[in-house]
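Heads up: the protein sequence lines correspond to chains Z and F, in order. The working numbering puts the first residue of the first sequence at 1, with every later residue one more than the last. The working numbering puts the first residue of the second sequence at 1, with every later residue one more than the last. Note that the Cβ used here is the ideal one computed from N, Cα and C, for glycine as well. In what follows, a single structure is set out as structure tokens and then discussed.
Protein chains: 2
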Amino acid sequence: MKVHNFNAGPSVLPNEVLYKASKALIDFEGSGMSILEIGHRTAPFIAVMEEARSLVKELMQLDDDFEVLYLQGGATMQFMQVPMNLLDNSGTAAYVDTGVWSNKAIKEAKLFGYVDVVASSKESNYNHIPKQFTIPPQASYLHITTNNTIYGTQWQMTPVTDVPLIADMSSDIMSRSMDFNKYSLIYAGAQKNMGAAGATMVAIRKSMLGKVTRKIPSILDYKNHIENGSMLNTPPVFAVYISMLTLRWLKEQGGVSAIEQLNDKKAALLYDEIDHNPLFRGTVVKEDRSKMNACFVMDKPEMEEEFLKFCKKEDIVGIKGHRLSGGFRVSMYNALPYESVEVMVEAMKYFSLKKA
Amino acid sequence: MKVHNFNAGPSVLPNEVLYKASKALIDFEGSGMSILEIGHRTAPFIAVMEEARSLVKELMQLDDDFEVLYLQGGATMQFMQVPMNLLDNSGTAAYVDTGVWSNKAIKEAKLFGYVDVVASSKESNYNHIPKQFTIPPQASYLHITTNNTIYGTQWQMTPVTDVPLIADMSSDIMSRSMDFNKYSLIYAGAQKNMGAAGATMVAIRKSMLGKVTRKIPSILDYKNHIENGSMLNTPPVFAVYISMLTLRWLKEQGGVSAIEQLNDKKAALLYDEIDHNPLFRGTVVKEDRSKMNACFVMDKPEMEEEFLKFCKKEDIVGIKGHRLSGGFRVSMYNALPYESVEVMVEAMKYFSLKKA
């Protein structure tokens, strides 16, 4: 029996991925070894790594200038690795502040150059995405966080700019069709839509490299990872394998545009209930609502604990909101079945009737 | 059917660990979720992380000044993270060069301060561990690589010094009794004796911190990881879980001193054959031989390919030597059964008789 898993990440994965991985843990493709026991420089693992990298390019339709890497350390490592590689001491980087994760990225970038925070929605507790901002033309790049897991906002369009565009897409990567080629660097922790914790995907245009003068430690230099086929040192073998299986699954579902339709349906079902159920209220400006993480509260906050308990009995897991936004957060990543959202909505309806 | 897995790492793991993990991939402790699907800030995972950290302290008998962290990026990340945290721009660090991995550590340290390579066995192709060296008394630390996977050498004693001692123990951690408290920082990629690829264990004395003036990115600052209970950001959940299971298994075996006895027996059996079989010859000075990785060649190199093929038929895997040392490398980590070494030795005997 599986629960309805609305965790914000790590979160639900496709059953096919879990069953296949469970078998590979005992015997990987008839090798007499577990996937954990094979050498990372052997042909079977190199094939896994190459399939994962090429599935990213295929599913995101990235052009030839892009290289795809599987690194370690999560988006938090990228917060410092991006400016270390791309922002010179005398340079400027533009960042849009849309919440906790943008803020962390901004903090790390300041160690490497001048950071121009061109817009922020902080004053309204990050309940929307800033629309008006001016990017300094000399900026080395503009950094955005496409989906804000904690506050439940999401960029609905790609900013138009002449400077290279960089995005933390950890919590909405491959959940919707976008022209990913408008970006120069995209990074994402794998543990939401791309697999499990322990791997970070970085897609970077080779033309972005070689522009800073500082000396970069080997393990933090994108160039080294590219030259070594994302195997500069022992990669997180199992996490890459899980990502490869998850991307294969996504391709079998019809790819990004097909999963987007499902994600649209899931989000529509939930937000419709939030908007029509008198007990609940969304916390985010409608036009900027995230289809991955729906944040909402109850008009009577004293009922929230009771609703949480009620949901727990219905095998609904992971809906408590982040302490910074309160209430509830229902995460609906690619692998979350439509049926789980139906169960969630039924729970909201039933609880509301009970209280009427 | 399992093969005899002599891979240098990732390598063989205990069957109990693999079976338990395989089940947890489908349902983790009756949660209705896979271990890959649980939130890392939930009680069940915090318990895993804390058990792993405390098992390290218990098995290594570390004193209270030590903090144990599970980080990402492998030993290669530590090559730069150690000097970034502990070597000031104006400071000196002493390194002993015993092979490829020491060299990589030295290269990264040079980005942060002055590096004094106090000894090297490079001129004899790293076939021994240097015994005579002088450590500058003002050095911030002395760094050694306790076991050299590529060349098959191992430090048989801990250097006596007044400066803080730091060791890369990736390939022999917890394989033998040592006074680990003589060290100030110990790091190890988990994928040999402590689990699977994707987690790096760092045991550090708190008293080592706060001595450098440079600004350290958040994710690279040991202090941040300590303050956050090794959960500064999403940890590599599954890799930590596998490490916890592997350490539990080690404890059930009787801990480090018990596994040392088994490792001694395995190494004695193999080296005895190397020394008595006329076809084979060890490449390392006897007193510095590694009990984890035995390196040897054939007097008639043209036979090596044939022997490799013969071994393959016997389900012997992973014995081809690193290109830098040639011949064969037989890795015998904690989880390698004694029986596998018996099979290896039988193959050497049989091949030798066939050729006589």
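- If you check each beta-carbon in the stretch 187-208 of chain Z against every beta-carbon of chain F, the ones closer than 7 Å belong to Gly189, Gln191, Ala196, Ala197, Gly198.
- Of the candidates Z:Ile242, Z:Leu142, Z:Gly326, Z:Gly326 places its Cα closest to the Cα of Gly282 (chain Z).
- For the options Z:Lys312, Z:Tyr151, Z:Asn147, the alpha carbon positioned closest to that of Tyr126 (chain Z) is the one of Z:Tyr151.
- Asp315 (chain F) has a beta carbon lying within less than 8 Å of a beta carbon in chain Z.
- With distances taken between CA atoms, Val212 (chain F) lies nearest to F:Ser140 out of F:Tyr241, F:Gly73, F:Ser140.
- The Cβ atoms of Glu314 (chain Z) and Ala347 (chain Z) lie closer than 8 Å to each other.
- For the stretch 222-246 of chain Z, the set of residues with a beta-carbon nearer than 8 Å to any beta-carbon of chain F comprises Leu232, Asn233, Thr234, Pro235, Pro236, Val237, Phe238, Ala239, Ile242, in chain order.
- Thr149 (chain F) and Asp97 (chain F) have their C-alpha atoms some 14 Å from each other.
- Contact annotation: the stretch 52-71 of chain F does not touch the stretch 194-208 of chain Z, with fewer than three C-beta pairs closer than 8 Å.
- For His4 (chain Z), the beta-bridge partners assigned by DSSP are Z:Ile316.
- In this structure, Ile26 (chain F) places its C-beta atom within 8 Å of the C-beta atom of Leu18 (chain Z).
- Here the alpha carbons of Phe296 (chain F) and Phe45 (chain Z) stand approximately 26 Å from one another.
- If you draw a straight line from the Cα of Thr234 (chain Z) to the Cα of Val341 (chain Z), it is about 39 Å long.
- Judged by DSSP in its simplified three-state form, Val160 (chain Z) adopts coil rather than helix or strand.
- One Cα belongs to Pro164 (chain Z), the other to Asp116 (chain Z), and the distance between them is close to 15 Å.
- The beta carbons of Ala267 (chain Z) and Met332 (chain Z) sit about 6 Å from each other, so the pair counts as a contact at 8 Å.
- A direct Cα-to-Cα measurement between Asn334 (chain F) and Leu245 (chain Z) gives close to 30 Å.
- The beta carbon of Ile186 (chain F) is closer than 6 Å to those of Ala167, Met169, Ala203 in its chain, skipping five residues each way along the sequence.
- At a cut-off of 8 Å between C-beta atoms, His40 (chain F) counts as an interface residue with respect to chain Z.
- By the rule that beta-carbons nearer than 8 Å mark a contact, Glu287 (chain Z) does not touch chain F.
- When Cβ-Cβ separations below 8 Å define contact, Ile219 (chain Z) makes contact with chain F.
- By the neighbour-count definition (other C-beta atoms within 10 Å, threshold 16), Glu29 (chain Z) is an exposed residue.
- Within the same chain, Cβ atoms closer than 7 Å to the Cβ of His40 (chain Z) are found at Met231, Thr234, Pro235, Val237, the five residues on either side in sequence being excluded.
- Val240 (chain Z) and Phe133 (chain F) have their C-alpha atoms spaced approximately 43 Å apart.
- Remark: C-beta atoms of Met174 (chain F) and Asn193 (chain F) approach each other more closely than 8 Å.
- Boundaries of the alpha helix (DSSP H) around Tyr350 (chain F): 338-355.
- Cα atoms of Gln191 (chain F) and Asn15 (chain F): separation of roughly 15 Å, rounded to the nearest angstrom.
- About 7 Å separates the beta carbons of Asn263 (chain F) and Arg176 (chain F), which is inside the 8 Å limit, making them a contact pair.
- Listed by position along chain Z, the residues whose Cβ is nearer than 9 Å to that of Asn147 (chain F) form an empty set, because the closest Cβ is around 16 Å away.
- Ala167 (chain F) carries a strand assignment under DSSP once its states are collapsed to helix, strand and coil.
- In the structure shown, Tyr70 (chain F) adopts extended strand secondary structure according to DSSP, grouped into three states.
- Under the Cβ distance rule, Pro10 (chain F) counts among the residues neighbouring chain Z, one pair being separated by less than 8 Å.
- Shown here for Phe180 (chain Z): same chain residues with a beta carbon closer than 8 Å to its own, the five before and five after excluded, namely Met60, Gln61, Leu62, Ile186, Ala203 in chain order.
- In the three-state reduction of the DSSP assignment, Asn127 (chain F) falls in the coil class.
- Ile106 (chain F) has a beta carbon lying at 8 Å or more from every beta carbon in chain Z.
- Listed in chain order, the alpha helix (DSSP H) runs fully inside the stretch 194-244 of chain Z are 222-227, counting runs of at least 4 residues.
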